[in-house]
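See structure below.
2 protein chains.
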Amino acid sequence: MPTYTLFHGTFIHLPRSPPPASSDPGSKHKHALSIHHGVLWVSVADGRIGGCQWGVKRAELERWVERRGWVWVQQDDHDGEKEEGGGDVVRVRVVCAREERNEFFFPGFVDTHIHAAQYPNTGLFGSSTLLDWLETYTFPLESSFGDSNTKTAHTAYTRVISRTLANGTTCAAYYATIHVPATNLLASLCLRRGQRAFVGRVCMDDPRFCPSYYRDASPEESVAATEATVKHVRGIDPEGRLVAPIVTPRFAPTCTTTAMAKLGELAASGGGGGEQPLRIQTHISENRDEVSLVRDLFPDSPTYAAVYDRYNLLTPRTILAHAVHLTPPERALIRARKSKISHCPASNSALGSGLCPVRTLLDDGITVGLGTDVSGGYSPSMLEAVRQACLVSRLVSYSAERQTGRESLSVEEALYLATRGGAECVDLADQIGGFDVGMCFDAQLIALGGVSPTTDGDGDGDLDDDDGSVGNVDIFGWESWEEKIHKWVWSGDDRNVKAVWVNGREVHRRKEVGSW
Amino acid sequence: MPTYTLFHGTFIHLPRSPPPASSDPGSKHKHALSIHHGVLWVSVADGRIGGCQWGVKRAELERWVERRGWVWVQQDDHDGEKEEGGGDVVRVRVVCAREERNEFFFPGFVDTHIHAAQYPNTGLFGSSTLLDWLETYTFPLESSFGDSNTKTAHTAYTRVISRTLANGTTCAAYYATIHVPATNLLASLCLRRGQRAFVGRVCMDDPRFCPSYYRDASPEESVAATEATVKHVRGIDPEGRLVAPIVTPRFAPTCTTTAMAKLGELAASGGGGGEQPLRIQTHISENRDEVSLVRDLFPDSPTYAAVYDRYNLLTPRTILAHAVHLTPPERALIRARKSKISHCPASNSALGSGLCPVRTLLDDGITVGLGTDVSGGYSPSMLEAVRQACLVSRLVSYSAERQTGRESLSVEEALYLATRGGAECVDLADQIGGFDVGMCFDAQLIALGGVSPTTDGDGDGDLDDDDGSVGNVDIFGWESWEEKIHKWVWSGDDRNVKAVWVNGREVHRRKEVGSW
């Protein structure tokens, strides 16, 4: 087995921004791409970035390897091969991004909010809004995951993992369903496929909102079932290298106060065996009818956020999805608790929930990541979430009603949210989201394709095999790397994701690629 | 040469809605998909739909052809082949949509607003808004189309035609640049590639707004250059079967009143040789700064729309792009003049222009089509325009500021706008946009792919060749046709466009398809 995988080519990421000083939470940080050309090596044993050296050209790579005393082996040599030479020989396999095809390495995306079980309903929501959408589309589908042989779950979960990996999602915070066997299956499948994942068994026990055919029998059931999945997930990945549990009260209207209190306690306790409190995920202030509903259901609570806070569900390891309609006191509370927000722009537009004022959240010093929110969101692609975050932000900035004149999210900032921001949301800011030495190599190799041929003759110009382009991105040759990244963001799709690695392990390769 | 092309399979379109009665312009029409299975035949000579018979199954097709006395020949038999039998034998070639692959025929899309010359800038707009975007990105690119050998134009125009055809756009209303040779080239390329197109030479002569390096020398130059392209386009397609000219004052701030008056006259005259007035396209009320600018530049005009009306540019054959910020009197004027509106949601969000209240326009009895507005819009795909039209509409309906409670655009209605609505905008409502007998066969064959395999075993579920899916659409087998269409709209892309026809001629076939 090789010691390192060497990656050579162009590496692009967003440098980690300093956390805002608490004295000046609105301090501005302008995000810019960090672009390097050279070599970066990853330990095969632990999947971490061992080091990098920029400036090494492709033509020099063989000699550079030789000079270090390393031995270049075939990419696809695997464990158990016959070892040549002594045990202290450092073997390296090599993956190159091709400059002439406008290929580059980019950190894998972190999807901070996705309902794995809803994947089969992707694109189906009619003209509904949140509460009727749950009743009409979502609860019936989710309830079907209780079949005894978990066949429905297996089919859906296999597919959603494939799709998200193919779109460059190396880490996802998943909601499953209320069913323990199906939830455990999701965690096992993520582990098998190599996707970093937080897997949450959905808790919903309040008969005032939950349908009779799809709810926990009692608060105790909510907690016991959660504990069962926590135990399973820890059992299959004891060191938590890839998968970990996450406590998942669906949202306030579905949970009794007893259940929320017990789930808060469970999380704080670490769930038995954990050194840290368990992660938590839930929804907040997605649409106005829901906010009203929470006000009606919890008349003693001053705000929606205060409901969660009362039961110790607002922690530094809590991800709150949506947060479209937060009040200033709620934002202050969330910042004080250091809880994180998952912005899901595609879903918010699709369900007509509203325009989330992300700039305001960031200025308040709140950590924000992006989520696809499948299937309220219509796409499992985080690149689509990046696009929609930009679009929604521009509409907020320039809308007649707000006219804030404040800067909308740049493409670079949206990419930051999709990588570093997401890493912070899942409390892995030191581990993933960039190419810093020591971090896990969770990455995607993006191929934009060659330069579109200049034509001036009688060729019919039909798109064919050798036209150079990959997917819908057209590069004409005059673009800077920054412009190429913008073209990728606005025109790219899964066709541009040539391969994906998590913890240094290749977990997806487009079928067209063949071998390295 | 065969007499007919027979198309067999599932045909889906939107029935043409009756024009709103002038006494009740707000009368509601609920759009629903019309879905038929059977055979439809198209005259090879004139590209029109000769007839259809629903209910004929694939297994019966050979006998059905035989019973009519027709002779089934190979699909790819072309002109000049040896004729067998007498001259009165009716030969037919056959194209089948495969049910098991969820294939269906759908009318081609009509893109009512696209700047062909801006295509190379697709995805590049930073955080700009309309007026600075024009200066920073657009005018410099467009001005480069004046090179003497039209090489820049050839490269860009070849590519944009390829991309739009590949995305199912069978008809486009193009803006070119101010350059006559490049504009003429665009028309010639559309004709050669078989795309139905309206090609407009852009008029902009007002030094108050236009940059010195990119403007017409005088109003007379605006008109003379337009006449030159009108003559060229009519010369290459005398019957106007595919390409036709369109008078294109860029927008009020770029045009002197003299130029607008003369262009209005030119359009009314039919441009020499035309039986009808020439078509017109321009922009209106895209963003608030632009509306203010028009107010400043034309202090005598009560409204933006009134500027155009004064110079006879608001006609039943006029397409007004954007119309985000129209006032009620402007809407009344536009309705009275029977002018059409091209709604460009992707562009309006990307440039932060605002949320166009399409429902209000429709309720006022105004005809609306959709446009990609490349490259203010970031995608040449009309399916993306359909998606964005739905999203923007939901945000309008449910936004805190409006809370109209009025129905947002349904998927079906957005598809109507992209086909029938567009056909009305380009004054071809009787010719294209649906599968009515006698219409031109402008169509796309959409393939959603087979049913995703049910898995319950140890397969790793990676997406591979035989997984059944096409692109990002996942069909699980329980979906109705309506649900499949929704999945197509929300997850589909050019990979699902298997082939495209205009006037019955195949103008695009995905390279994976091979022969029929």
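Chains as they are written, first to last, in our numbering: chain E, 1437 to 1952; chain H, 1437 to 1952.
Glycine included, every Cβ here is placed at the ideal spot set by N, Cα and C.
- Any Cβ of chain E closer than 9 Å to the Cβ of residue 1922(H) would place that residue at the interface, and such an atom is present.
- Between the beta-carbon of residue 1814(H) and that of residue 1786(H) there is about 5 Å, and that keeps the pair under the 8 Å contact cut.
- The alpha-carbon separation between residue 1890(E) and residue 1911(E) amounts to approximately 11 Å.
- Counting every other CB atom within 10 Å of its CB across the protein chains shown gives residue 1875(H) a total of 16 or more, marking it as buried.
- Per the coordinates, the alpha-carbon of residue 1941(H) lies some 16 Å from the alpha-carbon of residue 1673(H).
- Pairing residue 1881(H) with residue 1923(H) gives a Cβ-Cβ distance that is not under 9 Å.
- Chain E has no Cβ within less than 9 Å of the Cβ of residue 1726(H).
- Neighbours of residue 1844(E) in chain H, taken as residues at a C-beta separation under 9 Å, are given in chain order as 1563 and 1788.
- Using a CB distance cut-off of 9 Å, residue 1951(H) does not count as an interface residue toward chain E.
- Across the structure, residue 1481(H) and residue 1630(H) are spaced so that their CA atoms are roughly 15 Å apart.
- Taking all protein chains in view, the Cβ of residue 1572(E) is surrounded by fewer than 16 other Cβ atoms within 10 Å, so the residue is classified as exposed.
- Not a single C-beta of chain H is nearer than 9 Å to the C-beta of residue 1766(E).
- Within 10 angstroms of the beta-carbon of residue 1947(E) lie fewer than 16 other beta-carbons, which makes it exposed.
- Beyond the five residues adjoining it in sequence on each side, residue 1857(H) comes within less than 6 Å, by CB distance, of 1804 and 1805 in the same chain, given in chain order.
- Setting aside the 5 residues that flank it on each side, residue 1687(E) is surrounded in the same chain by 1718 and 1719, each with a C-beta closer than 6 Å to its C-beta; the list follows chain order.
- Residue range 1539-1543 is occupied by the beta strand (DSSP E) that includes residue 1541(E), with no alpha helix (DSSP H) assigned at that position.
- Residue 1588(H) and residue 1755(E) have their C-alpha atoms spaced approximately 49 Å apart.
- Boundaries of the beta strand (DSSP E) around residue 1934(E): 1933-1938.
- For residue 1926(E), the chain H residues whose C-beta falls within less than 9 Å of its own C-beta are 1558, 1559, 1560, 1561, 1786, 1814 and 1815, listed in chain order.
- Within a 10 Å sphere around the beta-carbon of residue 1465(H) sit fewer than 16 other beta-carbons, which makes this residue exposed.
- Here the alpha carbon of residue 1683(H) sits roughly 18 Å from the alpha carbon of residue 1758(H).
- By the C-beta density criterion, residue 1949(H) is exposed, having fewer than 16 other C-beta atoms within 10 angstroms.
- In the pairwise beta carbon analysis, the region 1650-1663 of chain H is classified as not touching the region 1729-1739 of chain H: fewer than three pairs are separated by under 8 Å.
- Separation of residue 1546(H) and residue 1681(E) (C-alpha to C-alpha, rounded to the nearest whole angstrom) is 49 Å.
- Here DSSP, grouped into helix, strand and coil, assigns residue 1776(E) to strand.
- Secondary structure note for residue 1573(H): it is in no alpha helix (DSSP H), with a DSSP letter that is neither H nor E.
- Look at residue 1919(H): its C-beta is under 9 Å from a C-beta on chain E.
- Its Cα nearest to that of residue 1725(H), the residue 1788(H) stands out among 1831(H), 1788(H), 1750(H) and 1737(H).
- Contact check for residue 1444(E) against residue 1476(E) passes: the beta carbons are separated by less than 9 Å.
- Assigned with DSSP and collapsed to three states, residue 1450(H) falls in coil, not helix or strand.
- Residues of the region 1641-1675 of chain H with a Cβ closer than 7 Å to any Cβ of chain E: none.
- DSSP places residue 1474(E) in the uninterrupted beta strand (DSSP E) bounded by 1470-1479.
- Around the C-beta of residue 1696(H), 16 or more other C-beta atoms lie within 10 Å, and the residue is accordingly described as buried.
- The beta-carbon distance between residue 1552(H) and residue 1612(H), rounded to whole angstroms, is 6 Å. This is short enough to meet the 8 Å contact definition.
- Residue burial annotation: residue 1526(E) is exposed, with fewer than 16 other C-beta atoms found within 10 angstroms of its C-beta.
- Three or more Cβ pairs closer than 8 Å define a contact, and the region 1537-1545 of chain H meets that threshold against the region 1593-1612 of chain H.
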